[in-house]
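Take the sequence shown: its letter number 4 is residue -9 in the working numbering, and every next letter is one higher.
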Amino acid sequence: MIILLANCHVEYEGRARSKLANGDRLIIIKKDGTFAIHQELNLDPVNWQAPGCKNSITFDDELIIRSKRTKPYEEIRLYLDEVYTATYYNIVDTKELELRGYEKHMVDLAWEKPELIEKGFRPTRREYQTDNGFIDLMGKDSEGHLFILEFKSRKAGSNAVKQLKGYVDCFLDNKDFVRAAIVAPDITNDALEELEKHQMEYIKMNPPLDLLKQKVSTLDSFF
């Protein structure tokens, strides 16, 4: 990886054309061809090229870094007017980011440990498609009743109850009573009243925040 802090001006040509006048910028060039020019403020680079680009440097009266892409054609020309610092690192990093705490991870956990929902719960389907959307998780309770679960990683509100009610309505022809529950770390009072009104339930469950490689010590930590 090459990191430059320099005063420069930039020209871009490709799907459009642009020019960036002189200023102090941070330039990052990665070994996969990624090329990014950052200004002092804001998160995103002001000019950039995606992985797979060809980067080169030439000197003909002035120092120029070119980043080219062929399909579609794009080229950034970075004119280095004054270089303040230039560093090169042979970086080794093969790890992928592991995220936890999303609704999907709550569903994963309930699928692997159904006792977190209730004793005797047996999950049978995930992302079950209905006319009103996809049910996060469904299964059978200890008495064999169909149990529909909608997961929320944050405080659930009335919209979540409407969503769950829509799923239940898809099973109106079911001869047996269909149970349904919102699974979330918290719920609003209005949503709780709506659940009771429709004979639906609320199950408190926090999203798992541990990384996938970490081991959960006790089930109690998820209630």
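Positions of the beta carbon are idealized from the N, C-alpha and C atoms, including for glycine.
Residue i, buried or exposed, once every other Cβ within 10 Å from all chains shown has been counted against 16
i	result
S246	What the structure shows of the chain is the stretch from -12 to 210, and residue 246 is not part of that stretch, so it cannot be assessed.
E0	exposed
S54	buried
L67	buried
N161	exposed
F134	buried
N29	exposed
P38	exposed
Nearest-angstrom Cα separation, counted from residue j out to residue i
i	j	result
V155	M125	11 Å
E61	T81	29 Å
H(-4)	I16	17 Å
E27	R56	26 Å
A167	I190	10 Å
F108	D128	4 Å
T21	N9	22 Å
W35	E83	22 Å
V79	D118	48 Å
Of the residues the options, the one placed nearest residue i, counting alpha carbons only
i	options	result
E49	R56, P59, P38, R64	R64
Y76	K91, L7, K18, E114	K18
K6	E(-2), L13, R12	E(-2)
H25	N(-6), I51, D47	N(-6)
Where residue i falls: helix, strand or coil (DSSP)
i	result
H92	helix
A280	Nothing about residue 280 can be reported from this structure: the residues present for the chain run from -12 to 210 only.
D11	strand
V79	coil
N34	strand
**Request:** For the region 170 to 189 and the region 146 to 160, state whether three or more C-beta atom pairs, one from each stretch, are separated by less than 8 Å.
**Result:** Result yes; three or more Cβ-Cβ pairs closer than 8 Å.
**Request:** Please confirm if the region 66 to 74 is in contact with the region 103 to 115, defined as three or more CB-CB distances below 8 Å between the two stretches.
**Result:** Contact fails between the region 66 to 74 and the region 103 to 115, because fewer than three Cβ pairs, one in each stretch, are under 8 Å apart.
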